[in-house]
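Colleague: So the protein sequences, as listed, match chains C and U.
Just so you know, we're using the working numbering here: the first sequence kicks off at 1 and counts up by one.
Just so you know, we're using the working numbering here: the second sequence kicks off at 1001 and counts up by one.
Sharing a structure below in structure tokens format, with a few things to ask.
Number of protein chains: 2
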Amino acid sequence: MPILNLNGYKIANPTILSRISSEELENLFKGYGYTPYLVEGSDPETMHQKMATVMEECIVKIREYQSEARSNNKAFRPRWPMIILRTPKGWTGPKDVDGHKVEGFWRAHQVPMGGMHSNPEHVRLLEEWMKDYKPEELFDENGTLIRELKELAPVGIKRMSANPVANGGLLRKDLKLPDFRDYAVTMDKPGTVEVENTRVLGKFLRDVMKKNMTNFRVFGPDETASNRLQDIYEVTKKTWMADYLPEDRDGSQLSPDGRVMEMLSEHTLEGWLETYLLTGRHGFFHTYEAFVHVIDSMFNQHAKWLDICKKHVPWRAPVSSLNLMLSSLVWRQDHNGFSHQDPGFVDLVTNKSADVTRIYFPPDANCLLSVADHCLRSKDYINVIVADKQNHLQYLTMEEAIKHCTKGIGIWEWASNDDCGKAADEPDVVMACCGDIPTTESLAATAILREEFPELKVRFINVVDLYRLQTETEHPHGLSNKEFDILFTPDKPVIFNFHGYPWLIHKLAYRRTNQERIHVRGYKEEGNINTPLELAILNQIDRFNLVIDIIDRVDKLGSKAVYVRERMRNAIIDNLAYAHEEGMDRSEVVNWKWSY
Amino acid sequence: MPILNLNGYKIANPTILSRISSEELENLFKGYGYTPYLVEGSDPETMHQKMATVMEECIVKIREYQSEARSNNKAFRPRWPMIILRTPKGWTGPKDVDGHKVEGFWRAHQVPMGGMHSNPEHVRLLEEWMKDYKPEELFDENGTLIRELKELAPVGIKRMSANPVANGGLLRKDLKLPDFRDYAVTMDKPGTVEVENTRVLGKFLRDVMKKNMTNFRVFGPDETASNRLQDIYEVTKKTWMADYLPEDRDGSQLSPDGRVMEMLSEHTLEGWLETYLLTGRHGFFHTYEAFVHVIDSMFNQHAKWLDICKKHVPWRAPVSSLNLMLSSLVWRQDHNGFSHQDPGFVDLVTNKSADVTRIYFPPDANCLLSVADHCLRSKDYINVIVADKQNHLQYLTMEEAIKHCTKGIGIWEWASNDDCGKAADEPDVVMACCGDIPTTESLAATAILREEFPELKVRFINVVDLYRLQTETEHPHGLSNKEFDILFTPDKPVIFNFHGYPWLIHKLAYRRTNQERIHVRGYKEEGNINTPLELAILNQIDRFNLVIDIIDRVDKLGSKAVYVRERMRNAIIDNLAYAHEEGMDRSEVVNWKWSY
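Here it is, written out as structure tokens:
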């Protein structure tokens, strides 16, 4: 039951709700769906009695609604009671200090009077105020709380601070998880099958839901179907307590006991989810990538809270991780355009403690399943998963995906050609990528290189776990410098194709050997309502620009390189013109497959 | 007058307000302070008439309130009219498609039916729908709109698209600015006088207000006084339209025509400010640094909007810049602690277009005045100013400050000792700093170095304009590589003390010569309720750790360095212990002055 303590003031102003008419105030809370009860006054004795009476009345009302619903076995939305407790700010504190009103005014905020070392009048006021509490009736001559009062306090878990709901990790039970391997996308060859990655995840989440119908919820701002997770509706619907219409039966997926929380307010969802986790349950939040910035500030505070709890509050039991999936990504905003292009949330995440933040970019559906399973089992982290909902090429079998995600970063041997079985083998260039869409473009660039420069040795590296790029001294997932140099070589050019803003990679990798040879492509605020390839080209993460990047950085390619470079420029012009004319990409781009 | 078009649905769900009782809905808008008028129905002819009647009624009501207030010359808060227009979603579109309800249901969102190339039934539906508009009555045989209808359209600035209020740059007049030099802090020597930086700014803003009482407003979440800008109240108060109490006369600074907008909702403030700028006026927004993240998403969208307007919408006249000052900074949260420590907003800003973003870290009050004057004159930018409210040392005379801010980055000769008048002079180390608090610590470290290693040649560089660190190819304010190398040398160690997260500097400077010799200190999420020095030490931006950083990076210091390093470690331990015991810093730290 909400209690609004309307004490009238903030740090330096009256509060709005305390200065509108009582009729407006009552209307507001009725409009929010409540039955407001007003408890108003300033005489402590009377107010304690009033509050107790109204509280009793409200609880009786709540019990009535509950028993009505339970006896009829029919959900309805009661106008739940709420209390507006109208008391003076700084209640029972000094009325005036230095001739200025304090009790019942904004001056009572924080420190009603200072100067305890230097102002005897203030000391006198303080003494008077404290004596008001009649300490001689509360403590004995040794200053100990008298037994009669001490015995009033509840014991054990009845103490507010020891209530397990306030330390939800104590109540938390691990999720019962189906085997994520059962949802695997199968394929004969990498880069040939297309699947909507989050759609596959939806089937897994559906069955997670089915096995955990009392302690798991999915949260999203009106986008569960848009983000392709709609299979969840096969086992539970969206919570809906307001009115129903007959047409809702045809596809609206509403139910009073639905376990999918949809509301077009990311703030409300994040608040619900945090509370749900902190009381010992599990959740999964998904949202459009660009609009997760709406909850930046809430993320910051939750990350700080988790960090302090883990390091400094040993009695607090670990809670489930906050799992946040960003979908409907920057690279696929074909009809929404520039306003929906913002991959910068992960930049913010990397500012928070390495002990509580994790960021994953699964390149395909099997990797997404493996990552999601891992996140749903974990505790005390904020896991950010970036995964798109559109059709994308699939690369790894489930067995390969598990290994790849466990390593977090790895060489894709089938896409590399630098191992020719000779002792002196080393690549001419490292093609690195992170994110589903950049991975496809890097792979397509690799295919062009195989045609044009069969002698060029390319090592293909994919990054799932972004923090692998940091050093081990900065993040527990960081690669040691030795491991990094073995993967990326200490000195060969690296063409890194990244999902987000390119400079984030520099920020993470600035300590690496010869970092200036790491050339990063990513989103740089060049966008509009574009076709996928057009948008990739505008930001230079496309296959053709990547080939140009390599030509410009690998010396040994010889005179042929000049001609290939020219052909790439031509291909860019051609493809932009086609996209502009036709409103879609050429079929050889749309249907491109890996064929080696 | 607000009109809520309650069409009942979003992309995949009913809207809450359309499914609560009409009594609750009415209560809600009464609670918000309005008199709601309901216009409800689905027959277009009747609805047009109803809407016209109600609109007329509302406008008459608004005129009545206005004339009442103007004839009595007394402000009051009327219950302004608002209209709830309840119509079907997809109104007049196809009722059903493929047996599913569309008009008046969420299916009408976006694309009510597709398959125009392949589904003749859908094409038939579309034709029926379009014919419904009776094109034969609207167009002549050539397909031209008939004259009678054409003449109904307004002309000139009565056209909605040509209304100058919708292109506010046309209405914008430059602010009349007092001479900011008149507010200068004077000093005999740098680093000896202390002043509250934003307090000085407050006097300037007060006089900006005085000269522009019709087109300038200051916005802040309940923090104008807390951020030390309260001198503004000498010329105008805070807007307050709700009830007044007699005690408000003693310091509440409320008035119905106040031009300071205070509300504990950063979202509302940012929305107000954007609207104010877009309609041709000027504003200044200030907020606690940690909580500006609340409006990250709004900032992102405004930056995108500005960028598009500047580059692609030539008819749109430039509007005043959005000026955002962050105060109550991470390094001075002595009683608020960890939750109030977050300097990461600027990280977000650097992700947006270089053509619209500017970031300033004035180190003292004179620099703050110079920067603020510049920002208030500018157009079509988002200017972020980071400046603290506490007492800080002052470094530059007004004349020096203007030069320093115009350059954006500069050597402070009085704090440097690398110029000994010899041709081969070059520094052993570059001490760089950015931000008011880090500047003091860097300077204090420099003082220790002068004592301990008088032969060590230190160049002291301060950064006001953060984007100077990027290359000129990335940001119009970026230094060329040549300029950068002249300032920082191409190869000497740089100890960069930064206000924000340290890796932001690496992100900006990753293209610089030998960037790995740039060693950055900054906030790294180590905080609590600490004294200023304690917090600085925990994050290693303090004078003692900076000296250690230099010892560890400059080889030539010899065996003495080992002993100095040890003394620095001892000083750290001593000062932490003192802060912990006493709850404050040692007086030699609090009262430290530059004495060279």
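Even glycine gets a Cβ: it sits at the ideal position worked out from N, Cα and C.
Could you check which residue in 528/C, 499/C and 479/C has the C-alpha nearest to that of residue 513/C?
Modeller: Nearest C-alpha to residue 513/C: 479/C.
Colleague: Flag residue 1506/U as yes if its beta-carbon sits less than 8 angstroms from any beta-carbon of chain C, otherwise no.
Modeller: yes
Colleague: Here's the rule I'm using: 16 or more other beta-carbon atoms within 10 Å means buried, otherwise exposed. How should residue 1454/U be labelled?
Modeller: With fewer than 16 other Cβ atoms within 10 Å, it is exposed.
Colleague: Relative to the alpha-carbon of residue 1092/U, which residue among 1015/U, 1175/U, 1072/U and 1007/U has its alpha-carbon at the smallest distance?
Modeller: 1007/U
Colleague: Distance check for residue 1286/U and residue 1350/U, CA to CA, integer angstroms please.
Modeller: 19 angstroms
Colleague: Does the beta carbon of residue 19/C sit closer than 8 angstroms to a beta carbon anywhere in chain U?
Modeller: yes
Colleague: Hey, out of 1595/U, 1017/U and 1559/U, whose CA is closest to residue 241/C's CA?
Modeller: Relative to the Cα of residue 241/C, the nearest Cα in the group 1595/U, 1017/U and 1559/U belongs to 1017/U.
Colleague: Can you list, in chain order, the residues of its chain whose CB lies under 7 angstroms from that of residue 1303/U, leaving out five sequence neighbours each side?
Modeller: 1352, 1353, 1356, 1357 and 1382
Colleague: Who are the Cβ neighbours of residue 26/C in its own chain at under 7 angstroms, not counting the five residues just before and after it?
Modeller: 36
Colleague: Taking a contact to mean a Cβ-Cβ separation below 8 angstroms, would you say residue 39/C touches residue 51/C in this structure?
Modeller: yes
Colleague: When you compare the CB of residue 1587/U with every CB in chain C, is at least one pair closer than 8 angstroms?
Modeller: no
Colleague: Can you confirm whether residue 1602/U, when its beta carbon is compared against all beta carbons of chain C, has any partner nearer than 8 angstroms?
Modeller: Nothing about residue 1602/U can be read from this structure; chain U reaches only from 1001 to 1596.
Colleague: Return the first residue and the last residue of the beta strand (DSSP E) that residue 180/C is part of.
Modeller: Where residue 180/C is concerned, there is no enclosing beta strand (DSSP E), given that its DSSP letter is neither H nor E.
Colleague: Going by DSSP, what residue range makes up the alpha helix (DSSP H) through residue 510/C?
Modeller: Taken as a continuous stretch (DSSP letters only), residue 510/C belongs to no alpha helix (DSSP H), as it is neither H nor E.
Colleague: Pull up the distance between the alpha-carbon of residue 1406/U and that of residue 1567/U, whole angstroms please.
Modeller: C-alpha separation (whole angstroms): 39 angstroms.
Colleague: Quick check: is the beta carbon of residue 538/C nearer than 8 angstroms to any beta carbon in chain U?
Modeller: no
Colleague: Compare the C-beta of residue 118/C with all C-beta atoms of chain U and state if any pair is closer than 8 angstroms.
Modeller: no
Colleague: Name the residue from 399/C, 557/C, 132/C and 389/C whose alpha carbon lies nearest to the alpha carbon of residue 437/C.
Modeller: 389/C
Colleague: Since residue 44/C is in the alpha helix (DSSP H), which residue starts that stretch and which ends it?
Modeller: It spans 44-72 - the alpha helix (DSSP H) in which residue 44/C sits, taken as one unbroken run.
Colleague: Any beta carbon from chain U within less than 8 angstroms of residue 296/C's own beta carbon?
Modeller: yes
Colleague: For residue 547/C versus residue 385/C, is the C-beta distance shorter than 8 angstroms?
Modeller: Contact: no.
Colleague: Please tell me whether residue 301/C has its Cβ less than 8 angstroms away from any Cβ of chain U.
Modeller: yes
Colleague: Would the segment 68-78 of chain C count as touching the segment 43-50 of chain C if we require 3 or more Cβ pairs under 8 angstroms?
Modeller: no
Colleague: Look at the alpha carbon of residue 323/C and the alpha carbon of residue 284/C, and state the distance between them as a whole number of angstroms.
Modeller: For the pair residue 323/C and residue 284/C, the Cα-to-Cα distance works out to about 5 angstroms.
Colleague: According to DSSP, is residue 454/C part of a helix, a strand, or is it coil?
Modeller: coil
Colleague: If you measure beta-carbon to beta-carbon, which residues of the segment 335-347 of chain C are closer than 7 angstroms to chain U?
Modeller: 338, 339, 342, 344 and 347
Colleague: Let me see if you follow: with CB-CB separation under 8 angstroms, is residue 1391/U close to chain C or not?
Modeller: no
Colleague: Spell out whether any CB of chain C is found under 8 angstroms from the CB atom of residue 1555/U.
Modeller: no
Colleague: In three-state terms, what does DSSP make of residue 615/C?
Modeller: A question about residue 615/C goes unanswered here, because the residues of chain C that appear run from 1 up to 596.
Colleague: Starting from residue 324/C and walking both ways along the beta strand (DSSP E), at which residues does that stretch end?
Modeller: 322-327
Colleague: Can you tell me whether residue 375/C is buried or exposed? The criterion is at least 16 other CB atoms within 10 Å of its CB, across all chains shown.
Modeller: buried
Colleague: Give the secondary structure of residue 275/C by DSSP, where H, G and I count as helix, E and B as strand, and everything else as coil.
Modeller: helix
Colleague: Count the CB pairs spanning the segment 1527-1535 of chain U and the segment 1575-1590 of chain U that are closer than 8 angstroms, and state whether there are at least three.
Modeller: yes
Colleague: At least one CB of chain C closer than 8 angstroms to the CB of residue 1273/U: is that the case?
Modeller: no
Colleague: Since I believe residue 243/C is in contact with residue 1019/U (beta carbons under 8 angstroms), could you give me their beta-carbon distance rounded to a whole number of angstroms?
Modeller: 4 angstroms
Colleague: Do we get a CB-CB distance below 8 angstroms when we pair residue 1592/U with the residues of chain D?
Modeller: Note that chain D does not occur in the displayed structure, where the protein chains are C and U.
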